[in-house]
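For reference, the structure discussed in these notes is given below.
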Amino acid sequence: MRRSETGGDDESGAGRGPGAGRGLWAPALANLLIGLVAIVPGLCLRRLLTTYPSVHCGGSVGCHGGTSHSALGLITGAVLGLGFVLGMVLVVDILMPHQEGGPVGSWLGMALLIPVPFVVGQAMGWI
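Going by numbering that gives the first Met the number 0, 52 is the number at position 53 of the sequence shown; the sequence numbering is gapless.
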């Protein structure tokens, strides 16, 4: 507890704004955790792009080669996962700081850390 200038204990945290003392640690940690969730749609997209890079349609009315059922699962996983991640970014990086009256810019700036867990996992060979 701090002692106020009047001699009493000051527990109110006067002089502190919302998020004071947290600095950039809270936005960085929150966005790294979002990045851990974003690994799943990232893996779906990587698998789609490497396994099914393109379908050769050669100008005919219908394509001769079809995609397998696993491609449909990968597309669904990628779309739903990316929607979930974008929803988390909207809530965590925009709506929560705005509601608390804090700076939204620092939270959005730290959103650049979202791909870091995927890139580190790829580089280390964990994924």
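Glycine is no exception: its CB is placed at the ideal position from the N, C-alpha and C atoms. All values derive from a computational prediction rather than experimental measurement.
Inter-residue Cα distance where the pair is V115 and W106 = 16 Å
query = Tell me which same chain residues have a C-beta within less than 6 Å of the C-beta of H77, skipping the five on either side of it?
reply = Before going further, note that residue 77 is Ala rather than His in the sequence given. Excluding residues within five positions, the ones whose Cβ falls inside 6 Å are P40, C43, L44.
query = Near V103, which residues of its chain fall below 7 Å by C-beta distance, leaving aside the five closest residues on each side in sequence?
reply = I93, P96, H97
query = Hey, quick one: how far does the alpha helix (DSSP H) through V119 stretch, first residue to last?
reply = 115 to 123
message = For T49 and G124, I'd like the C-alpha separation in whole angstroms.
response = 17 Å
request  = Report all residues from its chain with a CB closer than 7 Å to the CB of A128; omit the five preceding and five following residues, and keep chain order.
outcome  = Because the chain spans 0 through 126 in this model, residue 128 falls outside it and cannot be assessed.
query = Among N30, G86, L47, G82, which residue has its Cα nearest to the Cα of S69?
reply = L47
ask   = Going by beta carbon distance, what residues of the same chain come within less than 7 Å of G7, once the five residues before and after it are set aside?
value = Any reading at G7 needs caution, since the residue's pLDDT is 49, under 50, leaving its predicted position unreliable; the model's value is listed next. Once the five neighbours on either side are set aside, G7 has no close Cβ partner at all.
key: Exposure label - V118; buried when at least 16 CB within 10 Å   = exposed
message = For a quick check, are the C-beta atoms of I126 and V84 less than 8 Å apart?
response = no
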